[in-house]
Amino acid sequence: MKETRSPAQVLVVDDEKDLCWALQKILEGEGLRATVAVSARAALEAARKKSFQVAFLDAKLPDVDGIELARRLRSLKPETRCVLISGYLYEDDAMVREGLEEETICAFVAKPFRIDEVIRAVRTAMASAQV
Numbered sequence: 006m007k008e009t010r011s012p013a014q015v016l017v018v019d020d021e022k023d024l025c026w027a028l029q030k031i032l033e034g035e036g037l038r039a040t041v042a043v044s045a046r047a048a049l050e051a052a053r054k055k056s057f058q059v060a061f062l063d064a065k066l067p068d069v070d071g072i073e074l075a076r077r078l079r080s081l082k083p084e085t086r087c088v089l090i091s092g093y094l095y096e097d098d099a100m101v102r103e104g105l106e107e108e109t110i111c112a113f114v115a116k117p118f119r120i121d122e123v124i125r126a127v128r129t130a131m132a133s134a135q136v
């Protein structure tokens, strides 16, 4: 009998609902299940109820920045791999470099993003979760 694995769970956190919708569609197109939250508070509430393998986190949320949210998520659920997304930061910004070095985040995607960048980031996150 063939074993059926349920799709990986991904959390998408951004205060821009259109961006959440776009990320959700890209991820679902890859066979993943996406849950959307529009604030850090909602994201932490979702993480208390469900385990997520990957979380896409906006760097600038109304209630906390994405790096701090990544720290809180990782404290709550160490198995969750976080990908920072931002229209304000670049991969060489100090905040992003520090998050990558500390392994608070495992990847960064700049907005506006391309579909292949999102797919590469989720694959990197999934691979780092298996290490």
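Just so we're aligned: the sequence shown equals residues 6 to 136 in the working numbering.
Quick reminder that beta carbons are idealized off the backbone N, C-alpha and C, glycines included.
The model shown is predicted, which means the values in this text are computed figures rather than measured ones.
>> Quick check: what's the CA-CA separation for residue 36 versus residue 12?
In response: The residue you call residue 36 lines up with position 31 of the sequence shown. The residue you call residue 12 lines up with position 7 of the sequence shown. The alpha-carbon atoms of residue 36 and residue 12 are separated by roughly 6 Å.
> For residue 65, which residues does DSSP report across the bridge?
Replying inline: Stepping through the sequence shown from its first residue, residue 65 is reached at position 60. The secondary-structure analysis by DSSP pairs residue 65 across a beta bridge with 70.
> DSSP puts residue 39 in a beta bridge; with which residues?
Replying inline: Here the question's residue 39 lines up with position 34 in the sequence shown. 15.
>> Closest to residue 64 by C-alpha separation, out of 15, 43, 83, would be which residue?
In response: The residue you call residue 64 lines up with position 59 of the sequence shown. The residue with the shortest Cα to Cα distance from residue 64 is 43.
> In terms of residues, what are the limits of the alpha helix (DSSP H) holding residue 133?
Replying inline: Within the sequence shown, numbered from 1, the residue matching residue 133 stands at position 128. Unbroken alpha helix (DSSP H) run through residue 133: 120-134.
> Could you check where the beta strand (DSSP E) with residue 28 kicks off and where it finishes?
Replying inline: In the sequence shown, the residue the question calls residue 28 occupies position 23. It is not in any beta strand (DSSP E) - residue 28 instead sits in the alpha helix (DSSP H) that spans 22-34.
>> Let's test the definition: count the other Cβ atoms within 10 Å of the Cβ of residue 75 and tell me whether it reaches 16, buried, or not, exposed.
In response: The residue given as residue 75 occupies position 70 in the sequence shown. Classification of residue 75: buried, given that the 10 Å Cβ count is 16 or more.
> For residue 94, which of helix, strand or coil comes out of DSSP?
Replying inline: As a first step, residue 94 must be located in the sequence shown, where it is residue number 89. Assigned with DSSP and collapsed to three states, residue 94 falls in coil, not helix or strand.
>> Out of 55, 77, 66, which one is the CA nearest neighbour of residue 93?
In response: By 1-based counting over the sequence shown, the position of residue 93 is 88. That would be 66, whose Cα lies nearest to the Cα of residue 93.
> For residue 130, which residues from the same chain have a beta carbon less than 7 Å from its beta carbon, with the 5 sequence-adjacent residues on both sides left out?
Replying inline: Start at 1 with the first residue of the sequence shown, and residue 130 comes out as number 125. Cβ within range, chain order: 59, 86, 88, 111, 112.
> If residue 39 sits next to residue 32, beta carbons under 8 Å apart, how far is it from one beta carbon to the other, in whole angstroms?
Replying inline: Counted from its first residue, the sequence shown places residue 39 at position 34. Counted from its first residue, the sequence shown places residue 32 at position 27. About 4 Å separates the two Cβ atoms, so the contact holds.
> residue 23: buried (16+ other C-beta within 10 angstroms of its C-beta) or exposed?
Replying inline: Position 18 of the sequence shown, counted from the first residue, corresponds to residue 23. Result: exposed.
> Would residue 104 be called buried (16 or more neighbouring beta carbons within 10 Å of its own) or exposed?
Replying inline: If you number the sequence shown from 1, residue 104 lands on position 99. By the neighbour-count criterion, in which 16 or more other beta carbons inside 10 Å mark a residue as buried, residue 104 falls on the buried side.
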